[in-house]
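Comments concern the structure below.
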């Protein structure tokens, strides 16, 4: 599951984003987050594509950090909730990035390049839930 978690983080980091007159990655937005936070930052889910980019960067950064922390924790229950929280934040950032899918060509590009992340994260979610079920069954038998 460690490998799948790392792949999910990497696929999220490298989602292509159209910004200005070029393209970049979600990871670049995360690095430029301080600049965005001092300007027109909004968490509105109804904002246009460009206005949503700071929220995308913030949510993706927090989600990626949460998943990285989950790789280092040994407590099973805490690890379970950290992974779910990290996935939820990454999915929320992906929603913010692609919520204008039907009206923006940039959102369509981001959606297409985000499909590997989406598939990998769904596989990770299924694996987390299955592992939890097996662990609960194991605890109930003892």
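In the numbering used here, the protein residues as written are 249 to 390. Cβ atoms here follow ideal geometry from the backbone N, Cα and C, with glycine treated the same way.
Could you pull the start and end residues of the beta strand (DSSP E) that residue i belongs to?
i: residue 273; result: 270-273
i: residue 267; result: 264-267
Quick one: what's got a C-beta closer than 7 Å to residue i's C-beta in the same chain, skipping five residues either side?
i: residue 304; result: 274, 277, 341, 344, 345
i: residue 359; result: 346, 349
Enumerate in chain order the residues of its own chain whose CB-to-CB distance from residue i is below 6 Å, with the five nearest sequence positions on each side excluded.
i: residue 272; result: 265
i: residue 376; result: 331
So residue i is in the alpha helix (DSSP H); what residue range does that whole segment cover?
i: residue 355; result: 353-389
i: residue 201; result: Residue 201 lies beyond the residue range present for the chain, which begins at 249 and ends at 390; the question has no answer from this structure.
Report yes if the CB atom of residue i is closer than 8 Å to the CB atom of residue j, and no otherwise.
i: residue 335; j: residue 373; result: yes
i: residue 338; j: residue 299; result: no
i: residue 319; j: residue 253; result: yes
Compare the C-alpha of residue i against each of the options and name the closest.
i: residue 261; options: 270, 296, 279, 378; result: 279
Open item on the list: Give the list of continuous alpha helix (DSSP H) stretches no shorter than 4 residues that lie fully inside the segment 312-347.
Closed with: 324-346
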